[in-house]
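The sequence shown runs 740 to 1234 under the numbering used here.
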Amino acid sequence: MRFAIVAPAVVLVASTAVAQPIAPSIPSASRVAPRPAPSEGEAVPSKAQLQWQRMEMNAFVHFGPNAFTGAEWGSGREQPTIFNPKELDARQWVKAFKAAGMKGVIVTAKHHDGFCLWPTKESTHTVAASPWRGGKGDLLRELSDAARAEGLKFGVYLSPWDRNHPTYGTPEYNDVFVRMLEDVLANYGEIFEVWFDGANGEGPNGKRQVYDWPRFHEVVRRLQPNAVIFSDAGPGIRWIGNERGEAPLTNWAMLDRDRYEPGTGLSMDLPEGSELGKFYVPGECDVSIRPGWFWRAAENGRVKSPRTLLRLYESSVGRNCTLLLNVPPDDRGLVHENDVKALAGMRALVDAVYGTSLVPAGAKGTATSSRASHGPAAVLDADLDSYWAPSVKQASLTIDLGAPVTFDRVRLQEYVAAGQRISLFEIEANVGGAWQRIATGTTIGHTRIVATNVTTASQVRVRIHDARGLPMLASVSIHDSSRANGVAPADAPAH
């Protein structure tokens, strides 16, 4: 789909075993590098970034001529007349996404083939040249209207690469792309995310384009000031470094983004972020529900299962990322039945495991340190804008469950509106009157889901061993993954 990897010497190893407990060990003091204390308010999210993180899951829609040709990257030479999704129903798409728990949808308004899903005057390679809706169709209009009717936010993907436009590879093309951006961003209501692909290949004339990224970003900020801008390196949100839906266990939302520009490719900083980064640039995990990004009939039996999608939720949302799950419509213009079932099954599993905390009502919290008005009870009130805040960097919080509870997942959430701070933590459980360490970790961020061995305990304790600044913990909850057993629809795809 996307970014060229330009640093082949870098090897990333991302664990897929999210169901396994974290090794119960804490780095010794000699192995923990000293950290300069940041100033208060350094590297904090904008209002738009914070709202975006709290969305947690969004739908990605790859759609265009590739759904009719079977190509992954179109050549730009395909005839617009092949695009004719006779049963297209954007409301059906959005209802499926909403049923899965997604809060927004992002569509490929223009992929690398240059085909535009709206009737722009800047190209002849558009829906206006297709037989769909008699050449009068506008997919961006239909999808943006459907999204808002169902309460979802609307976003757009635009690839600067254009394998069809005759001006690609010349300064004039940047003007063309700016006008396309202005057209999309000014005419389809509020847009929550603008997704820039970093791919840069040859156009129809064999030339490559020097993209005017500062100018492209200026258009977004001018016309959609509340939108977050995605590229592999930001400026608003960043790529997590793979297309598997897996974030690293250590994941900072900060980045020294001035070192990068879109299309620079993979570096070690992109997956893990930078603890001392000057800018808040949280990560996004993109992955497709199918093997490919565009629909192919041959892949109808290879849709990811609800269980796999639950694991992807844990390895993305559960590791301080937002999950962007691609669900490509078929050549009818509908989300295929197998995809719809898988999405519904995913929602059922996520709700079964994470919909309700096993911390009982009336549970009490105590802490070794608390600042005024920010006591330990705040982590149990389901309000992410209230938080426990100790007056020292090393502190612990204990939750008394009142009676033994069995669990194997602990979900932690920082108050990231003030910045991401916690860099080393430990989780303990009181089992039969004896405290046991059940997990350790590094970063938390907006959400961290920690897998543990199956544990039955009457108390749970979170110890913070190190942080960039004074910690702020908004939520602690416990969960049991076995509650997913038997929940997903029996006829959901099994792959």
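Ideal placement from N, C-alpha and C gives every residue a C-beta, glycine not left out. If you're wondering where the values come from, they're calculated on a predicted model, not measured in any experiment.
- Counting every other CB atom within 10 Å of its CB across the protein chains shown gives arginine 1160 a total of 16 or more, marking it as buried.
- Looking only at Arg816, Gly876 and Gly940, the smallest Cα-Cα distance to asparagine 903 is reached by Arg816.
- Contact holds between the stretch 818 to 832 and the stretch 885 to 905, because three or more Cβ pairs, one in each stretch, are under 8 Å apart.
- When only Cα atoms are considered, tyrosine 927 and glycine 1172 end up about 60 Å apart.
- If only complete runs of 3 or more residues are kept, the stretch 1155 to 1227 shows the beta strand (DSSP E) at 1161 to 1170, 1173 to 1180, 1187 to 1206 and 1212 to 1218, in order along the chain.
- If one requires a minimum length of 3 residues, the beta strand (DSSP E) runs lying completely within the stretch 1000 to 1047 are 1022 to 1027, in chain order.
- Straight across, the Cα-Cα distance linking valine 846 with valine 800 is about 5 Å.
- For the pair leucine 1015 and lysine 1132, the CB atoms are not nearer than the 8 Å cut-off.
- Comparing alpha carbon positions, the residue from Ala1157, Leu1136 and Thr1145 closest to glutamate 1165 is Leu1136.
- For valine 933 and alanine 1223, the gap between their C-alpha atoms comes out near 35 Å.
- With at least 16 other beta carbons inside 10 angstroms of its own, alanine 1168 counts as buried.
- Contact holds between the stretch 893 to 907 and the stretch 937 to 951, because three or more Cβ pairs, one in each stretch, are under 8 Å apart.
- Scanning its chain for C-beta atoms nearer than 6 Å, with the 5 sequence neighbours on each side dropped, one finds around aspartate 1070 the residues Ala806 and Phe807, in chain order.
- In summary, aspartate 1124 is exposed, with fewer than 16 beta-carbon neighbours lying within 10 Å of its beta-carbon over all protein chains present.
- In the structure shown, phenylalanine 969 adopts extended strand secondary structure according to DSSP, grouped into three states.
- C-alpha of serine 1216 to C-alpha of threonine 1186: approximately 11 Å in a straight line.
- As DSSP reads the structure, leucine 897 sits in a beta bridge with Lys849 and Phe935.
- Counting every other CB atom within 10 Å of its CB across the protein chains shown gives alanine 1142 a total below 16, marking it as exposed.
- Residue Ile1138 holds the alpha-carbon nearest to the alpha-carbon of serine 1197 among Ile1138, Ala848 and Asp1205.
- DSSP places serine 1135 within a strand segment (E or B) once states are collapsed to three.
- Residue range 1076 to 1093 is occupied by the alpha helix (DSSP H) that includes glycine 1084.
- The three-state reading of DSSP puts lysine 834 in helix, counting H, G and I together.
- Leucine 1062 has Met796 and Cys1024 as its beta-bridge partners, per DSSP.
- DSSP lists Ala1196 as the beta-bridge partner residues of valine 1144.
- For arginine 880 and tryptophan 857, the gap between their C-alpha atoms comes out near 8 Å.
- When the Cα atoms are used, lysine 842 and arginine 1202 turn out to be separated by approximately 33 Å.
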